[in-house]
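Residue numbers (our numbering): 3 to 118.
Here's what the structure looks like:
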């Protein structure tokens with residue numbers, strides 16, 4: 003391999019593979035009829051993976067990226083419990099915060115500290 007490829011092409015190849023993965027995941031989710039609000043959330047997460055690329059190539063500066071993400075979160079948040087239930091992802095999620103009940107149970111088992 004050439005020195006040029008080693009220093010210019012190879013460092014960018016990981017980003018290209020990740021971008022391809024994002025495109026495939028989004029496409030598969032869309033075909034599976036995942037709600038648009040969740041697709042929009044995924045798109046925002048993909049943008050966060052490489053915000054400079056979106057700023058330079060898609061005309062989406064950081065301010066616009068944050069504004070888009072805020073709007074998408076506001077739209078998705080009220081229905082997130084329903085989305086999780088409809089998609090039946092509890093078996094795949096190990097985080098205790100998957101439900102309010104589990105999250106509160108976790109908090110109750112944490113050590114309590116008091117001070118002056």
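In this text, a Cβ means the ideal position worked out from N, Cα and C, and glycines have one as well.
Q) With 16 as the cutoff for other CB atoms within 10 Å, does residue 74 come out buried or exposed? A) buried
Q. Do residue 40 and residue 27 have their C-beta atoms closer together than 9 angstroms?
A. no
(Q) I need the straight-line Cα distance from residue 88 to residue 29, nearest angstrom please. (A) 19 angstroms
Q) Expressed to the nearest angstrom, what Euclidean distance is found between the alpha-carbon atoms of residue 20 and residue 112? A) 37 angstroms
Q.
Please determine whether the Cβ atom of residue 87 lies at a distance below 8 angstroms from any heavy atom of the ligand COA.
A. Here there are no bound small molecules, and the ligand COA is not part of this structure.
**Q.** Integer-rounded CB distance, given that residue 84 should sit under 8 angstroms from residue 46
**A.** Not quite, the Cβ-Cβ distance comes to about 19 angstroms (not below 8 angstroms), so this is no contact.
Q: On a CA-only basis, which of 48, 90, 78, 106 is nearest residue 37? Give me that one, please.
A: 78
(Q) My output table needs one value for residue 114: the three-state DSSP class, helix, strand or coil. (A) coil
Q. Along the chain, where does the alpha helix (DSSP H) that runs through residue 13 open and close?
A. 12 to 33
**Q.** Residue span of the alpha helix (DSSP H) that contains residue 85, given as start and end
**A.** 82 to 89
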